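Student:
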Amino acid sequence: MSLLLHPHLMAGRVARVLPRLATVGKRPRNNKPICCCPTATAQGRGLSGEASAAAASSSWLPDSMRQRLEQMKGRHQEIVESMTKGEVPVREMGSVGKELGRLEAVLDLQAKVEEKVAEIQDLEEVMQATNAGEAEADREMHGIAKEEHADCTAALEKLRLDLTSLLLPRDEGDSKNALLEVRSGSGGDEAAAFAKELFEMYRRFAELKGWKFEGMTCSTIDAGESGYREASASIRGEDVYGSLKFENGVHRVQRVPSNSPRLHTSAASVVVMMEAEEVDLKLEQSDLRFEAFRASGAGGQHVNTTESAVRITHVPTGITASIQDERSQHSNKEKALKVLRSRVFEVRRDEIARKEAAVRASAVGSGDRSERIRTYNFPQDRITDHRANYSRHGWEAMMRGEMLGDFVEAMRDKTQSEQLKAAGLQQQQQ
Numbered sequence: 005m006s007l008l009l010h011p012h013l014m015a016g017r018v019a020r021v022l023p024r025l026a027t028v029g030k031r032p033r034n035n036k037p038i039c040c041c042p043t044a045t046a047q048g049r050g051l052s053g054e055a056s057a058a059a060a061s062s063s064w065l066p067d068s069m070r071q072r073l074e075q076m077k078g079r080h081q082e083i084v085e086s087m088t089k090g091e092v093p094v095r096e097m098g099s100v101g102k103e104l105g106r107l108e109a110v111l112d113l114q115a116k117v118e119e120k121v122a123e124i125q126d127l128e129e130v131m132q133a134t135n136a137g138e139a140e141a142d143r144e145m146h147g148i149a150k151e152e153h154a155d156c157t158a159a160l161e162k163l164r165l166d167l168t169s170l171l172l173p174r175d176e177g178d179s180k181n182a183l184l185e186v187r188s189g190s191g192g193d194e195a196a197a198f199a200k201e202l203f204e205m206y207r208r209f210a211e212l213k214g215w216k217f218e219g220m221t222c223s224t225i226d227a228g229e230s231g232y233r234e235a236s237a238s239i240r241g242e243d244v245y246g247s248l249k250f251e252n253g254v255h256r257v258q259r260v261p262s263n264s265p266r267l268h269t270s271a272a273s274v275v276v277m278m279e280a281e282e283v284d285l286k287l288e289q290s291d292l293r294f295e296a297f298r299a300s301g302a303g304g305q306h307v308n309t310t311e312s313a314v315r316i317t318h319v320p321t322g323i324t325a326s327i328q329d330e331r332s333q334h335s336n337k338e339k340a341l342k343v344l345r346s347r348v349f350e351v352r353r354d355e356i357a358r359k360e361a362a363v364r365a366s367a368v369g370s371g372d373r374s375e376r377i378r379t380y381n382f383p384q385d386r387i388t389d390h391r392a393n394y395s396r397h398g399w400e401a402m403m404r405g406e407m408l409g410d411f412v413e414a415m416r417d418k419t420q421s422e423q424l425k426a427a428g429l430q431q432q433q434q
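Every letter in the sequence shown is one number past the one before it in the working numbering, and letter 45, counting from 1, is 49.
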């Protein structure tokens with residue numbers, strides 16, 4: 005008789021145990037069946053098999069995450085019902101569809117966790133039933149079940165980690181567009197050249213991601229544009245701010261300039277701000293001071309002949325934004341308002357972040373933008389992120405934007421690890 009008909013395997017839900025257990029051999033001669041009735045076995049646990057597995061699959065989660073999981077289940081049900089009834093506006097179908105996809109990813113993982121918990125419970129029944137068996141088949145089956153139990157436990161830990169990652173608080177701003185600002189720092193012409201290289205790296209990274217990269221301002225050190233004093237851009241697309249927010253800080257480069265035999269160190273600062281919209285922050289006209297002035301730099305006869313450049317000051321904070329790249333004063337005003345709104349919004353977000361940092365460590369160190377975050381070592385062809393303790397070789401690939409995604413993921417992993425630790429959960433070494 006097949007071992008799948010063995011009374012021990014039939015007890016509870018053990019009839020579904022892994023097929024590998026069916027290869028052990030013949031039915032032992034001296035079995036002492038526990039129970040052939042699944043209902044009785046389930047009642048012995050105090051819950052039905054499915055309910056027991058479901059309860060065990062979420063009992064390890066912190067209360068806040070269990071509540072979030074239940075909320076996500078409710079939201080999933082709500083969206084499905086709304087879409088079935090055709091109640092979702094056409095203009096919202098895209099965003100609702102993305103939300104549904106995120107929710108389904110969580111619920112699919114939760115289902116896999118429940119399945120793995122049930123499988124482990126089955127194996128534990130087999131191990132218990134065959135633990136005292138003297139027959140060779142009992143001992144062999146116990147050994148196989150024990151081995152499978154270890155494998156399933158490791159797989160369960162991985163599933164739990166993945167599920168926990170999806171249940172961690174998500175920065176609501178991650179899905180927003182971003183404003184990028186790159187400025188040369190210490191190092192003179194070398195710093196300006198590096199600032200230009202960084203700016204182009206982000207442009208190429210945006211192209212690889214399918215984002216829209218629109219340059220807004222650019223101040224060069226000479227007519228040949230060999231380097232940038234500062235440059236800014238608007239970047240639009242999916243998860244732009246969530247991907248680039250870790251770039252905030254000072255980037256340092258080490259290389260030997262063409263006009264010097266010695267290793268030279270220079271730096272550039274990068275600021276990534278969430279592009280605030282009117283719904284995020286309303287700027288009162290009474291708080292704004294507008295100034296028009298003549299543009300300077302490239303522009304032919306138009307330069308210094310009309311006051312097309314615009315400077316806007318947010319009086320309560322003293323924050324300013326100036327745009328002179330467009331020939332139209334109206335266009336410059338629109339761009340300046342966009343930059344100003346994002347700068348004011350970022351300051352307010354920073355104030356909140358500083359308060360939160362008093363009770364928990366920041367994911368990116370102190371959050372101070374003067375903090376050196378990454379070193380680009382040209383002679384050694386190595387880039388090192390000091391926050392994530394992550395290094396890669398490949399200067400050219402990095403400057404083409406092809407390797408930047410790896411550094412983004414390294415910082416996401418670090419952030420996730422710290423969030424898990426704060427939630428009382430430790431990330432398992434894979």
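We put the CB at the ideal spot given by N, CA and C, even for glycine.
As the structure is a prediction and not an experimental result, all values here were calculated from the model.
Spell out a yes or no on whether the region 386–393 and the region 411–422 are touching, meaning 3 or more CB-CB pairs, one atom from each, closer than 8 Å.
Tutor: Because the criterion of three Cβ pairs below 8 Å is met, the region 386–393 and the region 411–422 touch.
Student: Excluding the five sequence neighbours on either side, which residues of its own chain have a C-beta within less than 6 Å of the C-beta of valine 363, listed in chain order?
Tutor: Residue placement at valine 363 is flagged as unreliable, the pLDDT there being 38, under the threshold of 50; a coordinate-derived value is accordingly withheld.
Student: Under 8 Å: do the region 140–153 and the region 213–221 share three or more Cβ pairs, one atom per stretch?
Tutor: Because the criterion of three Cβ pairs below 8 Å is not met, the region 140–153 and the region 213–221 do not touch.
Student: By Cβ distance, which residues of its chain are closer than 8 Å to glutamine 432, with the 5 residues on each side in sequence left out?
Tutor: Because glutamine 432 carries a pLDDT of 44, less than 50, the predicted location of this residue cannot be relied on, and the following value inherits that uncertainty. Excluding sequence neighbours, glutamine 432 sits near Glu161, Lys162, Leu165.
Student: Here's a check: name, in chain order, each residue in its chain whose Cβ is nearer than 7 Å to the Cβ of serine 374, leaving out the five neighbours to either side.
Tutor: Because serine 374 carries a pLDDT of 46, less than 50, the predicted location of this residue cannot be relied on, and the following value inherits that uncertainty. Around serine 374: Val254.
Student: Report the three-state DSSP secondary structure of isoleucine 38 (helix, strand or coil).
Tutor: Per-residue confidence for isoleucine 38 stands at a pLDDT of 33, beneath the threshold of 50, marking its modelled position as unreliable; the derived number appears in the next sentence. Isoleucine 38: coil per DSSP, three-state reduction.
Student: Can you check which of these residues, Ile83, Arg378, Ala272, is closest to glutamate 96 by C-alpha distance?
Tutor: Among Ile83, Arg378, Ala272, the Cα nearest to that of glutamate 96 belongs to Ile83.
Student: Exposed or buried, which one is glutamine 114 when buried takes at least 16 other CB atoms within 10 Å?
Tutor: By the 10 Å Cβ count, glutamine 114 comes out buried.
Student: So, for glutamine 420: in the same chain, excluding its five sequence neighbours on each side, which residues have a beta-carbon less than 6 Å away from its beta-carbon?
Tutor: For glutamine 420, where only same-chain residues beyond five positions count, the Cβ hits under 6 Å are Ser169.
Student: Quick check on lysine 89: does DSSP put it in helix, strand or coil?
Tutor: Coil at lysine 89, not helix or strand.
Student: Measuring CB to CB, does tyrosine 232 end up less than 7 Å from alanine 199?
Tutor: Yes, they are a contact pair.
Student: Jot down the residue ranges of each uninterrupted beta strand (DSSP E) in the region 239–305, minimum 3 residues, whole runs only, in chain order.
Tutor: Runs found: 253–259, 268–278, 292–297.
Student: Only counting the same chain, and skipping five residues up and downstream in sequence, which positions put a Cβ closer than 7 Å to that of alanine 195?
Tutor: Taken in chain order, the residues that qualify are Ser188, Gly189, Ser270, Ala271, Ala272.
Student: How long is the line joining the alpha carbons of alanine 296 and threonine 317, rounded to whole angstroms?
Tutor: Answer to the nearest angstrom: the Cα atoms are 12 Å apart.
Student: CA-CA distance, glutamate 176 and glutamine 81?
Tutor: Cα to Cα, the separation comes out at about 22 Å.
Student: What whole-angstrom Cβ distance do leucine 111 and lysine 77 have, given they're in contact under 8 Å?
Tutor: Right, the Cβ-Cβ distance comes to about 7 Å (below 8 Å), so this counts as a contact.
Student: I'd like to know whether the C-beta atoms of threonine 221 and serine 238 end up nearer to each other than 7 Å.
Tutor: Contact flag unset, no.
Student: Is glycine 192 helix, strand or coil when you go by DSSP?
Tutor: It is helical.
Student: Can you say whether glycine 322 is buried or exposed, counting buried as having 16 or more other CB atoms within 10 angstroms of its CB?
Tutor: It counts as exposed.
Student: I think histidine 397 touches aspartate 385, with their Cβ atoms under 8 Å apart; what is that distance to the nearest whole Å?
Tutor: About 5 Å separates the two Cβ atoms, so the contact holds.
Student: Excluding the 5 residues flanking leucine 408 on each side, which residues of the same chain have their C-beta closer than 6 Å to its C-beta?
Tutor: The residues are Phe209.
Student: Can you tell me which residues form a DSSP beta bridge with aspartate 389?
Tutor: DSSP, once it has assigned bridges, lists Arg378, Tyr394 as partnering aspartate 389.
Student: Does the beta carbon of leucine 344 sit closer than 7 Å to a beta carbon anywhere in chain C?
Tutor: No chain C is part of this structure, which consists of one protein chain only.
Student: Of the residues Arg378, Asn263, Ala154, Val275, which one's Cα is nearest the Cα of aspartate 354?
Tutor: Of Arg378, Asn263, Ala154, Val275, the residue nearest in Cα terms is Val275.
Student: Could you name the residues of the same chain whose beta carbon sits closer than 6 Å to that of phenylalanine 294, not counting the 5 residues immediately before and after it, in chain order?
Tutor: Answer for phenylalanine 294: Ile316, listed in chain order.
Student: Under 7 Å between the Cβ atoms of serine 312 and alanine 299?
Tutor: Yes, the pair counts as a contact, with Cβ atoms nearer than the cut-off.
Student: Inspect the beta-carbon positions of leucine 183 and serine 335 and report whether they are closer than 7 Å.
Tutor: Taking 7 Å as the Cβ cut-off, leucine 183 and serine 335 do not qualify as a contacting pair.
Student: Quick one: grab the DSSP three-state call for valine 368.
Tutor: At valine 368 the pLDDT is 32, less than 50, meaning the model places this residue with poor confidence; the figure from the coordinates comes in the next sentence. Note: valine 368 maps to coil in three-state DSSP.
Student: Let me confirm a value: aspartate 67 is counted as buried when at least 16 other C-beta atoms fall within 10 Å, else exposed. Which label applies?
Tutor: So aspartate 67 ends up on the exposed side.
Student: What residue from Leu212, Asp243, Lys213, Glu185 has the CA that sits closest to serine 223's CA?
Tutor: Closest by alpha carbon: Glu185.
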